Amino acid sequence: MKSLNILIVDDDRDFAESLSDIFEMEGHKCEMAHDGETAIKKLVEKDFDLTFMDIKMSGKNGVESFLEIRKIKPNAKIIMMTGYSVEDLITQAVENGAWGVLHKPLDMDKILSMIKKVMPTGILIADDDPDFLNNLKDVLDDYGFTVYKAKNGDEAIKRVQEENIDILILDLRMPILSGLETFMLMKEKGISIPTIIVTAYADMENMTIERLKSYCVNGILNKPFDPERLLKILADLVDDPEKVCY
Numbered sequence: 000m001k002s003l004n005i006l007i008v009d010d011d012r013d014f015a016e017s018l019s020d021i022f023e024m025e026g027h028k029c030e031m032a033h034d035g036e037t038a039i040k041k042l043v044e045k046d047f048d049l050t051f052m053d054i055k056m057s058g059k060n061g062v063e064s065f066l067e068i069r070k071i072k073p074n075a076k077i078i079m080m081t082g083y084s085v086e087d088l089i090t091q092a093v094e095n096g097a098w099g100v101l102h103k104p105l106d107m108d109k110i111l112s113m114i115k116k117v118m119p120t121g122i123l124i125a126d127d128d129p130d131f132l133n134n135l136k137d138v139l140d141d142y143g144f145t146v147y148k149a150k151n152g153d154e155a156i157k158r159v160q161e162e163n164i165d166i167l168i169l170d171l172r173m174p175i176l177s178g179l180e181t182f183m184l185m186k187e188k189g190i191s192i193p194t195i196i197v198t199a200y201a202d203m204e205n206m207t208i209e210r211l212k213s214y215c216v217n218g219i220l221n222k223p224f225d226p227e228r229l230l231k232i233l234a235d236l237v238d239d240p241e242k243v244c245y
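Residue numbers are given in numbering that gives the first Met the number 0: position 197 of the sequence shown equals residue 196, and the series is strictly consecutive.
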């Protein structure tokens, strides 16, 4: 997954720096602001993927700053933070579209889980059918995924090595390298990536499918399939990349 640009807004400089250090260790880029006015200025000048904003700050408080930002950038994802009992302010923020509320001391597992939901998931579709490729890409684009395409197994392996691919959708019957050959070659190269197998020949490929199951592919879909079924599997794999969805 790609790194995020994160803004941390808190008048406690030590806290902000500690949180920034944690995010940077996870591969993200962080900037800090220690008051509401500076935060507003930064958000006007730059697009951040996610903002963590303390509610109780000197000068303009976090909710006042949040409401002003919402007028300028209504789609900004802002998570409020507080170490105090300020239910009225929390309610005001949530009712006006705050993306979440965290109570100090922070639960880092919960925070990292929230960040994961913000990050666009990179999906590679490997299939030699251009209509299938383009139609499925259109569906996944609409749901906010970052979608890459490959028309054969060799191209798929190169894509996985070059791009930020989180999930692979792999057709069984392709030229140059079949889906099975592609999957096995990736394993030989030490490439481990959640993989969903798709096929229009399930009856004829039964032995191959069983072999792939033994190697723990994450999902198998028979063409034509309901896009909603695929979206459910993708959502499960975003939450748990090791989940098996047969």
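No residue lacks a Cβ here, since even glycine has one placed at the ideal position from N, Cα and C. All figures in this text were calculated on a predicted structure; none of them were measured in a lab.
Selection from the options that minimises the alpha carbon distance to residue i
| i | options | result |
| --- | --- | --- |
| L271 | T194, E187 and N163 | Residue 271 lies beyond the stretch modelled for the chain, which goes from 0 to 245, so this question has no answer here. |
| F47 | A97, L3 and F182 | L3 |
| M185 | L211, N74 and G99 | L211 |
| P104 | L233, M203 and A15 | A15 |
| R228 | V138, M118, D20 and E86 | V138 |
| P226 | D202, K150 and L132 | L132 |
| E94 | R69, S84, D202 and I110 | R69 |
| K115 | V243, A234 and K242 | A234 |
| N217 | D238, M203 and D202 | D238 |
| A97 | K136, D127 and I54 | I54 |
| F37 | Y200, I7, G26 and S19 | For the record, residue 37 in the displayed sequence is Thr; it is not Phe. Nearest option by C-alpha distance: I7. |
| V159 | M173, G189, K28 and C215 | G189 |
| Y200 | K45, F224, E86 and L111 | F224 |
| E187 | G58, L236 and Y214 | Y214 |
Beta-carbon proximity check, residue i vs residue j, cutoff 8 Å
| i | j | result |
| --- | --- | --- |
| K231 | T198 | no |
| T145 | I122 | yes |
| V117 | A92 | no |
| I166 | T207 | no |
| Y147 | I164 | yes |
| G35 | N74 | no |
| M52 | M80 | yes |
| T152 | I168 | As written in the sequence, residue 152 is Gly, which differs from the Thr given in the question. Contact flag unset, no. |
| F22 | I39 | no |
| T181 | I219 | no |
| M173 | D127 | yes |
Per-residue DSSP class, three states only, for residue i
| i | result |
| --- | --- |
| E30 | strand |
| L18 | helix |
| G143 | coil |
| G96 | coil |
| L246 | Because the chain is modelled from 0 through 245, residue 246 falls outside the range shown and cannot be assessed. |
| K148 | strand |
| L101 | strand |
CA-to-CA distance, residue j to residue i, given in whole angstroms
| i | j | result |
| --- | --- | --- |
| M113 | T50 | 12 Å |
| I89 | G82 | 12 Å |
| D10 | H102 | 16 Å |
| E30 | K72 | 18 Å |
| F65 | I77 | 8 Å |
| D130 | G178 | 18 Å |
| D20 | L42 | 21 Å |
| H27 | A149 | 28 Å |
| E161 | M24 | 22 Å |
| S247 | E204 | Look at the range of the chain in this structure, 0 to 245, and you will see that residue 247 is not part of it. |
| E154 | N134 | 19 Å |
| E67 | K242 | 41 Å |
| M56 | D140 | 39 Å |
| K45 | K136 | 29 Å |
| D13 | H33 | 11 Å |
| M183 | S191 | 10 Å |
| G99 | E86 | 14 Å |
| I196 | L236 | 14 Å |
| S84 | E209 | 55 Å |
Residues bridged to residue i [DSSP beta-bridge criterion]
| i | result |
| --- | --- |
| L167 | L123 and T194 |
| N4 | K28 |
| T50 | L6 and I77 |
| I219 | I196 |
Residue i CB to nearest heavy atom of the ligand ATP below 7 Å
| i | result |
| --- | --- |
| D46 | Annotation note on the ligand ATP: not contained in the displayed structure, which lists no ligands. |
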